[in-house]
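**Q** This structure is in structure tokens; I'll ask about it shortly.
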Amino acid sequence: MGWLSPEAWQAVALSLRVALWATLVSLPFGIFIAFALARWRFPGRGLLNGLVHLPLILPPVVTGYLLLLTLGTRAPVGGFLQDIGVVFAFRWTGAALAAGIMAFPLMVRAIRLSIEAVDVKLEQAAGTLGAPRGMVFLTVTLPLILPGIVAGAVLAFAKAMGEFGATITFVSNIPGQTQTLPSAIYAFLQVPGAEGEVAKLVLVSVVIALAALALAEWVGRAVAARVAGR
Numbered sequence: 001m002g003w004l005s006p007e008a009w010q011a012v013a014l015s016l017r018v019a020l021w022a023t024l025v026s027l028p029f030g031i032f033i034a035f036a037l038a039r040w041r042f043p044g045r046g047l048l049n050g051l052v053h054l055p056l057i058l059p060p061v062v063t064g065y066l067l068l069l070t071l072g073t074r075a076p077v078g079g080f081l082q083d084i085g086v087v088f089a090f091r092w093t094g095a096a097l098a099a100g101i102m103a104f105p106l107m108v109r110a111i112r113l114s115i116e117a118v119d120v121k122l123e124q125a126a127g128t129l130g131a132p133r134g135m136v137f138l139t140v141t142l143p144l145i146l147p148g149i150v151a152g153a154v155l156a157f158a159k160a161m162g163e164f165g166a167t168i169t170f171v172s173n174i175p176g177q178t179q180t181l182p183s184a185i186y187a188f189l190q191v192p193g194a195e196g197e198v199a200k201l202v203l204v205s206v207v208i209a210l211a212a213l214a215l216a217e218w219v220g221r222a223v224a225a226r227v228a229g230r
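End of the sequence shown = 230 in the UniProt record's numbering, gap-free, step of one.
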């Protein structure tokens with residue numbers, strides 16, 4: 001534990017927690033939105049697609065500021081949520097929310113591409129055999145798009161780990177509470193003589209990113225082999 005300062009370890013642990021929850025909570029929504037954009041035709045589809053990808057276009061600080069205006073404790077929505085015991089602003093849950101929103105477009109894009117690559121005739125064949133739509137999705141579509149889901153989840157996790165602008169705007173940079181890995185690096189850069197701690201945190205970031213990519217590659221190959229074996 002002496003390799004990094006306690007404050008740095010807290011930032012690493014909080015970043016992993018934030019990225020994990022951001023990915024897990026947004027994944028079901030990402031699958032649903034990706035499927036809707038890939039397969040359904042409905043009024044407002046273009047608007048939905050634009051809203052999904054808006055965080056990629058807007059500066060992250062703008063996204064964080066919009067979250068603060070909407071979910072801050074003095075905002076209408078944020079005030080209502082505070083009354084029922086749900087607070088996002090200046091909490092680690094807010095960091096997870098901001099990171100999840102910023103990572104959501106990457107997740108949806110990867111899953112949508114995998115859905116569009118599925119042969120619709122396979123789903124239609126299952127439907128002609130009497131399988132309901134939900135069962136067709138679970139038994140035919142879902143196994144075929146699992147590699148894309150894994151890729152989207154890993155992209156989202158990596159993006160959430162590195163999110164800075166929206167997070168620091170919405171939840172600030174409070175050590176032990178909202179200070180994530182990028183925020184800690186930024187804070188240490190302001191301290192004279194802390195270059196060594198910055199280098200260590202950068203190394204930790206690289207190791208975590210490479211480990212996530214390696215895990216995604218292994219899981220993707222395992223899933224693809226299993227699907228092909230069928």
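Think of the CB as a built atom: it goes at the ideal place given N, C-alpha and C, for glycine as much as any other residue.
Put W9 into one of helix, strand or coil per three-state DSSP.
**A** Reduced to three states, the DSSP call for W9 is helix.
**Q** Just tell me which of A89, I208, G100 has its CA closest to the CA of P177.
**A** Per the sequence shown, residue 177 should be read as Gln rather than Pro. Ranking A89, I208, G100 by Cα distance to Q177 puts A89 first.
**Q** Identify whether D83 lies in helix, strand or coil by the three-state DSSP scheme.
**A** Correct three-state label for D83: helix.
**Q** Starting from the Cα of A125, find the closest Cα among S114, V140, R112, I33 and give me that residue.
**A** Closest by alpha carbon: V140.
**Q** Label T180 either buried or exposed according to how many other C-beta atoms from any shown protein chain fall within 10 Å of its C-beta, with 16 as the threshold for buried.
**A** Flag for T180 reads buried.
**Q** Is it buried or exposed, K121, if we count other Cβ atoms within 10 angstroms and call 16 or more buried?
**A** Its Cβ having fewer than 16 others within 10 Å, K121 is exposed.
**Q** When burial is assigned at 16 or more other CB atoms within 10 Å of the CB, is F222 buried or exposed?
**A** Here the sequence assigns Ala to residue 222, which means Phe is not the residue at that position. Exposed.
**Q** Can we say the stretch 21–39 touches the stretch 91–109, given the rule of at least three CB pairs closer than 8 angstroms?
**A** Counting Cβ pairs under 8 angstroms, three or more are found: they touch.
**Q** So, under 8 angstroms CB-CB, A156 and L106 are touching, yes? Tell me the CB distance rounded to an integer number of Å.
**A** Yes, they are in contact, since the Cβ atoms of A156 and L106 sit about 6 angstroms apart, within 8 angstroms.
**Q** What is the C-beta distance between R112 and A216, in whole angstroms, given that I count them as a contact (C-beta under 8 angstroms)?
**A** Going by Cβ atoms, the distance from R112 to A216 rounds to 17 angstroms, so no, they are not a contact pair.
**Q** Would the beta-carbon of F170 fall within 9 angstroms of that of L67?
**A** Yes. Within cutoff.
**Q** With a CB to CB cut of under 7 angstroms and the five nearest residues on each side skipped, what residues in its chain are close to L56?
**A** Only P105 meet the Cβ criterion.
**Q** What would DSSP say about R74, mapped onto helix, strand or coil?
**A** Coil at R74, not helix or strand.
**Q** Roughly how many whole angstroms lie between the Cα atoms of F42 and F32?
**A** One C-alpha to the other measures close to 14 angstroms.
**Q** Please report the straight-line C-alpha distance between T63 and A98, rounded to a whole angstrom.
**A** Going from the Cα of T63 to the Cα of A98 covers about 8 angstroms.
**Q** Helix, strand or coil: which one does DSSP assign to S114?
**A** Of the three classes helix, strand and coil, the one that applies to S114 here is helix, per DSSP.
**Q** What do you reckon, are the CB atoms on S205 and M161 nearer than 9 angstroms?
**A** Closer than 9 angstroms, so yes.
**Q** The alpha helix (DSSP H) that contains R133, what's its start and end?
**A** R133 -> alpha helix (DSSP H) spans 133–136.
**Q** Could you give the distance in angstroms between the alpha-carbon of L201 and the alpha-carbon of A194?
**A** If you take the alpha carbons of L201 and A194, they lie about 11 angstroms apart.
**Q** Are V108 and G30 closer than 9 angstroms when you measure CB to CB?
**A** Cβ atoms of V108 and G30: closer than 9 angstroms.
**Q** Taking only runs that begin and end inside the stretch 90–177, name each unbroken alpha helix (DSSP H) of 4 or more residues, in chain order.
**A** Segments of the alpha helix (DSSP H) lying fully in the stretch 90–177: 92–116, 120–128, 133–136, 142–162, 165–171.
**Q** Rounding to the nearest angstrom, what Cα-Cα distance links N49 and L210 in this structure?
**A** Taking the straight line joining both Cα atoms gives about 30 angstroms.
**Q** DSSP state of W21, grouped into three classes?
**A** In the structure shown, W21 sits in a helix (DSSP, three-state: H, G or I).
**Q** How about L8 and S183: are their beta carbons less than 9 angstroms apart?
**A** Here residue 8 is Ala; the residue named in the question, Leu, does not match the sequence. Contact: no.
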